[in-house]
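Reading through the structure tokens given below for one structure.
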Amino acid sequence: MRGTARALVCRATVPPSRGGPVAKVLSDALAAQFVLDGSAAVVTGGASGIGEATCMVLADAGAAVVVADIDEAGAVRTARRITDAGGRAIAVRTDTRRKSDLDAAIDRAVADFGRLDIMCNVAGVPSDGLIEDVTEAELDRVVAINMKGVLFGCQAALRAMKPRRSGVIVNVSSTGIDVAVPGNGVYAMTKAAVAMLSMVLAVEAGPHGIRVNAIAPGATITNFSQRHLYDENGNVSQEKFDAFVDRMKSFSPLDIVGEAMDQALLILYLVSPAARYATGNIFRVNGGQAMAW
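Residue numbers (my numbering): 94 to 386.
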């Protein structure tokens, strides 16, 4: 369960033909910056997509992980993948609309692993429709998860982190904060709120030794982004999927589409000692999508 950190370093060090004692020391020193041994993390939305990938990466780097998700069966699957590979993880059913559930997830981290070092607020829901058609019920649904869930997740984490005067929080925003897409208004509004919340909290929490950042994913292949492709039986045709991927590639000047691991690896960096000087930032991982839209 310790492969990810080492693999990351291999990309950054000198070519093997130039390696020697100095390169070996440098490689070991860099690898150590991405090792999370002894730390504990809570990841909301950990049953699938970016949340699941984040759980796997953090566990691979050595963290004990609380997989928090309203999909309890999915959370159990993620936790089992981690433990089967030799890591430490527990699944906790967490409805992020409920402050008490978020408090309970943090409490489990402290009870089972003795501490909380990392909080990743990944859980979120989409919302499609023109602003003029948005109902009060739809607005309340999206705000409850995408905004209130993140705020109360941060609040719960602070309660555990402040006494220790250390910790890292990463919230998931969206490239939707940078581009105006018809039908995306409510979702983009909530994700813009996450970005600003993260910046303000970085200022408030910094004096307590706590760093706060947000990531803003672009088009990324997950069940979340593929929701329009499924038929009534829950299946997706290869033709539809290929067309979907081609469309998402067209958003990026790199002509590639994002994967959940692209986001998870940035989160690993942000929660690691390597990012000790990074706080209050919104990190775009979108293949240049916002520039080329």
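Beta carbons: idealized from backbone N, C-alpha and C, even for Gly.
query: Alpha helix (DSSP H) runs contained entirely in the segment 255-296, provided each spans 4 or more residues; result: none
query: Beta-carbon gap between I183 and A357 smaller than 8 Å; result: no
query: Beta-carbon separation (whole angstroms), N214 vs P310, contact threshold 8 Å; result: N214 to P310, Cβ: 13 Å. No contact.
query: Residues that I238 bridges to, as DSSP identifies them; result: Answer is none; I238 lacks a bridge partner.
query: Proximity below 8 Å, CB of V272 to CB of A383; result: yes
query: Cβ-Cβ distance between L195 and V203 below 8 Å; result: no
query: Span separating the alpha-carbon of V350 from that of Q126; result: 28 Å
query: A156, DSSP secondary structure in three states; result: coil
query: Own chain residues within Cβ distance below 6 Å of A298, not counting five before or after; result: V305
query: Nearest-angstrom Cα separation, counted from V279 out to D221; result: 8 Å
query: D355, DSSP secondary structure in three states; result: helix
query: Segment contact, 8 Å Cβ cut-off, at least three pairs: the segment 134-151 with the segment 159-166; result: yes
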